[in-house]
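Report on the structure given below.
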Amino acid sequence: QKEVEQDPGPLSVPEGAIVSLNCTYSNSAFQYFMWYRQYSRKGPELLMYTYSSGNKEDGRFTAQVDKSSKYISLFIRDSQPSDSATYLCATPARDSWGKFQFGAGTQVVVTP
Amino acid sequence: DVKVTQSSRYLVKRTGEKVFLECVQDMDHENMFWYRQDPGLGLRLIYFSYDVKMKEKGDIPEGYSVSREKKERFSLILESASTNQTSMYLCASSSRTRYNEQFFGPGTRLTVL
């Protein structure tokens, strides 16, 4: 079983809708979570990170962690066609600092 | 603007060839990583290095080796390329103090025929 699971999608939404992305993780010791965005034919770029439980907001993006259910979420408000990308969740690996466990990524398509 | 560059965007090689993928970062980062990315499998760590001449195996090191002779450069070597090594290869780097933030290169799409 992978330590971080993510629905691959694709997730198709109309422009202006809220995009809701989710990951589940298996190790309750995980404390730090990241979301990366990857455009087609590009490398991933860090979008947001958050510690432990709670919400973190950055413009149209909100990252949420629910440690009781081992669930992390990313919400994109007022979605734009430029948000069309693959979104990957990640958390540091247990066995070595600096290493990450990545989800498989969810492809998002925002249609005009 | 911080940057991780990779030597090739697209590469086509034949089975059995020795393949070198180069990665250079200009951020003076201590840590460097090589991943491969395949549909449905996400990013899988091949090797990483936390210092010059140091290397650690990741989750899928078989069939690969690495070299880090200089701090800014991390090379991935496929000793004898096989068709199952056809993939997108991504290099990343991070600093020792902010190791939870990895910066990625644009990737190399390798096709082995």
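In order, the protein sequences belong to chains A and B.
So the mapping is simple: the numbering used here equals the position in the first sequence, first residue as 1, plus 1138.
So the mapping is simple: the numbering used here equals the position in the second sequence, first residue as 1, plus 39.
Ideal Cβ positions, reconstructed from N, Cα and C, are used throughout, including at glycine.
Asked	Found
Residue of Asp-77(B), Thr-125(B) and Ser-134(B) minimising C-alpha distance to Thr-69(B)	For clarity, residue 69(B) is Glu in the given sequence; the question names Thr instead. Ranking the options by Cα distance to Glu-69(B), first place goes to Ser-134(B).
C-beta contact flag for Phe-1228(A) and Gln-1176(A) at 7 Å	According to the sequence displayed, residue 1228(A) carries Ala and not Phe. For Ala-1228(A) and Gln-1176(A), no; Cβs fall outside 7 Å.
Cα-Cα separation between Ile-1084(A) and Gly-55(B), rounded to whole angstroms	Coverage of chain A is limited to positions 1139 through 1250, which leaves residue 1084(A) absent and any answer about it impossible.
is_contact[Glu-140(B), chain A] using C-beta, thresh 7 Å	yes
Within chain B, partners of Glu-1183(A) - CB distance below 9 Å	Phe-142 and Phe-143
Euclidean distance between Cα positions of Asp-67(B) and Gln-141(B)	13 Å
Cα-Cα separation between Lys-110(B) and Ala-1201(A), rounded to whole angstroms	34 Å
From Pro-1182(A), Leu-1226(A), Phe-1238(A) and Ser-1220(A), residue whose alpha carbon lies closest to that of Pro-1152(A)	Ser-1220(A)
Under 7 Å by beta carbon: chain A residues contacting Gly-79(B)	Pro-1146 and Ala-1242
Strand pairing of Tyr-1189(A), partner residues [DSSP]	Tyr-1170(A)
Short CB-CB distance (under 7 Å) between Gly-102(B) and chain A	no
Short CB-CB distance (under 7 Å) between Gly-146(B) and chain A	yes
Contact check, Phe-1240(A) vs Gly-81(B), beta carbons under 7 Å	yes
Below-7 Å beta-carbon distance, Tyr-1170(A) vs any chain B residue	yes
Straight-line gap, Val-1247(A) to Lys-92(B) (C-alpha atoms, nearest Å)	42 Å
Beta-carbon neighbours of Leu-84(B), restricted to chain A and to distances below 7 Å	Lys-1237
Unbroken beta strand (DSSP E) run spanning Asp-1204(A), endpoints	1199–1204
Separation of Leu-50(B) from Val-1142(A), as counted between CA atoms	30 Å
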